[in-house]
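Notes follow the structure.
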Amino acid sequence: MEISSIAEGEVLEFIKCDSCGFTEECTIAYISRIRERYCGMWICGLCIEAVKDEMLRSQRLISTEEALNRHISVCKKFQSITPSTSEHPIFAMGKILRKSLDSPRSVRSSPSSPLPEVNRSSSLVCSGGYFSALS
């Protein structure tokens with residue numbers, strides 16, 4: 001855990017989600033509140049919403065702990081079938097961004113696809129305005 005401070009004197013800490021592994025930067029007070037609500041575990045904001053959704057989708061009334069366990073189970077299954085971190089969507093977007101920044105851009109004086117010709121005879125022509133057509 002890396003600790004940094006912000007202007008108001010609050011101390012920020014990088015913490016990893018016990019469910020999905022996502023890292024967030026949060027105040028120590030916030031981390032404590034989340035751990036109190038979720039059985040001593042730190043879970044990120046996305047997983048908090050997923051746990052809430054799990055509670056709503058359940059056919060019967062379930063506890064936060066049971067919803068949390070269900071969500072963690074789904075995350076573990078997903079992580080076990082994910083081939084590698086290099087195929088993670090964030091890494092893929094990073095590759096695309098690097099390729100686009102590295103490739104030279106050609107300067108075009110005309111658009112890459114030609115614009116359709118405008119048929120002047122069928123275009124709308126203003127002849128006296130809206131009210132003249134009503135009289």
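Going by my numbering, the sequence shown opens with residue 1, and the numbers climb by one from there.
C-beta: ideal position from N, C-alpha, C; glycine also.
Note that the coordinates shown come from a computational prediction; the quantities given were computed from them, not determined experimentally.
Cys44 carries a coil assignment under DSSP once its states are collapsed to helix, strand and coil. Where Cys75 is concerned, the enclosing alpha helix (DSSP H) starts and stops at 64–81. At a Cβ-Cβ threshold of 7 Å, Glu25 and Leu12 count as neighbours.
A Cβ-Cβ contact shorter than 7 Å links Met55 with Ile62.
For a cut-off of 8 Å, the C-beta gap from Cys39 to Phe22 is around 18 Å, too long to register as a contact. Boundaries of the beta strand (DSSP E) harbouring Glu24: 23–27, taken from the DSSP string. Assignment of Leu101 by DSSP, reduced to helix, strand and coil, places it in the helix class. For Leu68, the closest C-alpha among the options Leu101, Ile81, Ser32, Arg37 is that of Arg37. In the three-state reduction of the DSSP assignment, Leu56 falls in the helix class.
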